[in-house]
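Trainee: According to our numbering, the sequence shown is numbered sequentially starting from 2. Using N, Cα and C, we set each Cβ at its ideal position, and we do this for glycine too. These numbers come from a predicted model, not from an experiment.
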Amino acid sequence: MTLDVDAVKAFIAVADLRSFTRAAEALGSTQGAISVKLKRLEERIGEKLIERTPRLVRLSARGAVFLEPARQLLAAHDRAVASLSAIRRHFRLGIATHVGGAEVPTLLARLNAHDPALTIEVRLDDTRDLLAAFDRGELDAAIVRREDDRRDGEVLAPEQFGWYATPDFVYRPGEPLRLAASSPSCSIRDIVTGALDAVGIPWTQVFLGCGSFAVAEAVSAGLAAAVFSCRLAPPGTIEISRKFGLPPLPATEILLLSTLSDPQSREALRTLAMAFREHRPPPSNNAGRPKFRNSQMAQSPI
Numbered sequence: 002m003t004l005d006v007d008a009v010k011a012f013i014a015v016a017d018l019r020s021f022t023r024a025a026e027a028l029g030s031t032q033g034a035i036s037v038k039l040k041r042l043e044e045r046i047g048e049k050l051i052e053r054t055p056r057l058v059r060l061s062a063r064g065a066v067f068l069e070p071a072r073q074l075l076a077a078h079d080r081a082v083a084s085l086s087a088i089r090r091h092f093r094l095g096i097a098t099h100v101g102g103a104e105v106p107t108l109l110a111r112l113n114a115h116d117p118a119l120t121i122e123v124r125l126d127d128t129r130d131l132l133a134a135f136d137r138g139e140l141d142a143a144i145v146r147r148e149d150d151r152r153d154g155e156v157l158a159p160e161q162f163g164w165y166a167t168p169d170f171v172y173r174p175g176e177p178l179r180l181a182a183s184s185p186s187c188s189i190r191d192i193v194t195g196a197l198d199a200v201g202i203p204w205t206q207v208f209l210g211c212g213s214f215a216v217a218e219a220v221s222a223g224l225a226a227a228v229f230s231c232r233l234a235p236p237g238t239i240e241i242s243r244k245f246g247l248p249p250l251p252a253t254e255i256l257l258l259s260t261l262s263d264p265q266s267r268e269a270l271r272t273l274a275m276a277f278r279e280h281r282p283p284p285s286n287n288a289g290r291p292k293f294r295n296s297q298m299a300q301s302p303i
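1. Let me know if Pro236 comes out buried or exposed under the rule of 16 or more other beta-carbons within 10 Å of its beta-carbon.
2. Measuring only the C-alpha atoms, how far is Ser20 from Phe12?
3. I need the straight-line Cα distance from Pro185 to Leu261, nearest angstrom please.
4. Comparing alpha-carbon positions, which option in Arg23, Asp17, Lys10 and Thr31 lies nearest Leu60?
5. Identify the residues that DSSP records as bridge partners of Thr120: which are they?
6. Are the beta-carbon atoms belonging to Arg124 and Leu140 less than 8 Å from one another?
7. Give me the Cα-Cα distance between Val6 and Ala110, rounded to the nearest whole angstrom.
8. Where DSSP assigns a beta bridge to Asn165, which residues make up the other side?
9. Using the C-alpha atoms, what's the distance from Val100 back to Gln32?
10. For Thr22, count neighbouring Cβ atoms within 10 angstroms of its own Cβ and tell me buried if that reaches 16, exposed if not.
11. For Arg129, which three-state DSSP category applies?
12. Note the first and the last residue of the continuous beta strand (DSSP E) segment covering Ser259.
13. Roughly how many angstroms separate the alpha carbons of Phe170 and Gln206, rounded to a whole number?
14. If you compare alpha carbons, which of Ala25, Lys38, Gly29 and Glu26 is closest to Leu4?
15. Alpha carbon to alpha carbon, how far is Ala199 from Glu1? Give it in angstroms, no decimals.
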């Protein structure tokens, strides 16, 4: 049995993104073309790989078994193609600290498997600093939070932020709210302090800098409260907006910016976007503030 690599790639995209439309966008194709490729692959294998209803796209039992071997097949194919080129290329990627979480190792692994001839340089920083570096030509691509005046880039996913602290964190109305932040230049920090000022809640910054992991440690130790992406709150913390009457924070979008133009690099970029979307939760239909929740990943403070 010989399998068509493009059909296998289409199957993996649909399996990862749970959507024919998003798979087509990630692969630079159309929904109809993806459907045709998947149908031909299923006919070739003689098994149903994807179960599709008007409301749901999911792996069949056979598709779940085939997914990892399919990844290995595609990675081997990409390595073989990359080995034909003696030219090593560099990919300078910026990832905002407040949006990068458990998917970061997957992003880098997918890029490395996709193109062994590609040297990846990664910079983790605040969105504002990454945007400045991207505009100066110091980065080839960046995954950042949308700034209010930024209209370029590809939307990867929505993002919701919340207020987090330990369950025994003490805050009395009228007293300054103790905050921790990763950088004075962080744009989310400006949103947070602006939201507090707008409702007349005093605040004081008791921990600044040293990176997102250090801020998460400060919050976990009960020193301060901080704003995190709801899916990346430190373990053992809770969402405290309802408890202390803190103002809601606006939702945002995560953007992928790129200046890459050659086909190989753009293909790597599609792999990057697909891996990022795969590890994002689906948009919530619940309005209002985020639910109380914990997370296994300690990152992304203000």
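Mentor: To lay it out plainly:
1. With fewer than 16 other beta carbons inside 10 angstroms of its own, Pro236 counts as exposed.
2. Near 11 Å, if we compare the C-alpha coordinates of Phe12 and Ser20.
3. When rounded, the distance between both Cα atoms is 31 Å.
4. The candidate whose alpha carbon is nearest that of Leu60 is Asp17.
5. Looking at the DSSP assignment, Thr120 forms a beta bridge with His91.
6. Using a Cβ distance threshold of 8 Å, Arg124 and Leu140 count as a contacting pair.
7. Looking at the two C-alpha atoms, the distance is approximately 20 Å.
8. What sits at residue 165 in the sequence shown is Tyr, not Asn. Paired residue(s): Ala227 and Glu240.
9. Take the alpha-carbon of Gln32 and the one of Val100: they are about 28 Å apart.
10. Taking a 10 Å sphere around the C-beta of Thr22, we find fewer than 16 other C-beta atoms and assign the residue as exposed.
11. Secondary structure at Arg129: helix, using DSSP grouped into helix, strand and coil.
12. In the DSSP assignment, Ser259 falls within the unbroken beta strand (DSSP E) covering Thr253 to Ser259.
13. Approximately 15 Å, taken between the alpha carbons.
14. Residue nearest to Leu4 within the set Ala25, Lys38, Gly29 and Glu26 is Lys38 (criterion: CA-CA distance).
15. An answer regarding residue 1 cannot be provided, because it is not within the stretch 2 to 303 covered by the chain.
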